[in-house]
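Heads up, the thing below is written out as structure tokens.
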Amino acid sequence: MQHTTTATTPATPVTSAPALTLAPKQVVLDFIAALNDRSGQDWERYLAADVIDHNKIIFGEEETPGAAIEGFRQQLAAFSTEAPGDGFHAEQLIAEGDEVVARLRVRGVHTGYHPRMPEPTGRRCDVEQIWIFTVRAGRIAEIRAVSDRLGMFLQLGWDWPTED
């Protein structure tokens, strides 16, 4: 069964942390909505302080709990989402227990610097990603993800990386 959802605004008002009563699926939807709001850093409140991101291929953050927060900050700064339809869009969500799988479409323009990416190209990117979130105590504690990296590199005109 396919469930299509586009994250827009959080369903529950958030102050300093998500309510512990939110279901994991709602925590993820609210996190995605917060990622799309570039006016602040509200997305951080959905992540546990010691969140572990198992997807370090591009971000390259340190192997320490909580380092994923800086990885997200750098990625968000590298891509503009000012055009209509840009941003993170939940195409499908599947939840079981404390785990949520999200199939996302991510659209934006490469306009900013990131230490592990080539210089900004000003080119548009539209890729599909699959994220697996583990939610504990109302916050995202772990993230695993795969992304259409080849599609992203081709769209942005980047050279495919070689092994050092």
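For the sequence shown, counting from 1, position 27 maps to 36 in my numbering; every step adds exactly one.
All residues carry an ideal CB built from backbone N, CA and C; glycine is no exception.
**Request:** Please work out which residues of its chain come closer than 6 Å, Cβ to Cβ, to D157, disregarding the five sequence neighbours upstream and downstream, and give them in chain order.
**Result:** V136 and E137
**Beta bridge counterpart(s) of H98 as assigned by DSSP** = R114
**Asked** Mind checking L44: buried by the 16 CB within 10 Å criterion, or exposed?
**Response** buried
**Prompt:** Name the DSSP beta bridge partners of I141, please?
**Reply:** V110 and R153
**Item:** Which listed residue (G147, D168 and E151) has its alpha carbon closest to that of A32
**Value:** Of the residues G147, D168 and E151, the one whose Cα lies closest to the Cα of A32 is G147.
**Message:** Can you tell me whether L56 is helix, strand or coil according to DSSP?
**Reply:** The answer is strand: DSSP assigns L56 an E or B state.
**Request:** Determine the direct distance from the alpha carbon of T90 to that of G121, and round the result to whole angstroms.
**Result:** 11 Å
**Message:** Quick check: I149 and L56, are their CB atoms within less than 8 Å of each other?
**Reply:** Yes, Cβ-Cβ distance for I149 and L56 is below 8 Å.
**Asked** How about A86 and G75: do their beta carbons lie closer than 8 Å?
**Response** no
**Request:** With a threshold of 16 other CB atoms inside 10 Å of the CB of V155, please say whether the residue is buried or exposed.
**Result:** exposed
**Prompt:** Grouping DSSP H, G and I as helix and E and B as strand, with all else coil, what is E79?
**Reply:** helix
**Prompt:** In terms of residue numbering, what span does the alpha helix (DSSP H) encompassing A42 cover?
**Reply:** Per DSSP, A42 belongs to the alpha helix (DSSP H) from P33 to N45.
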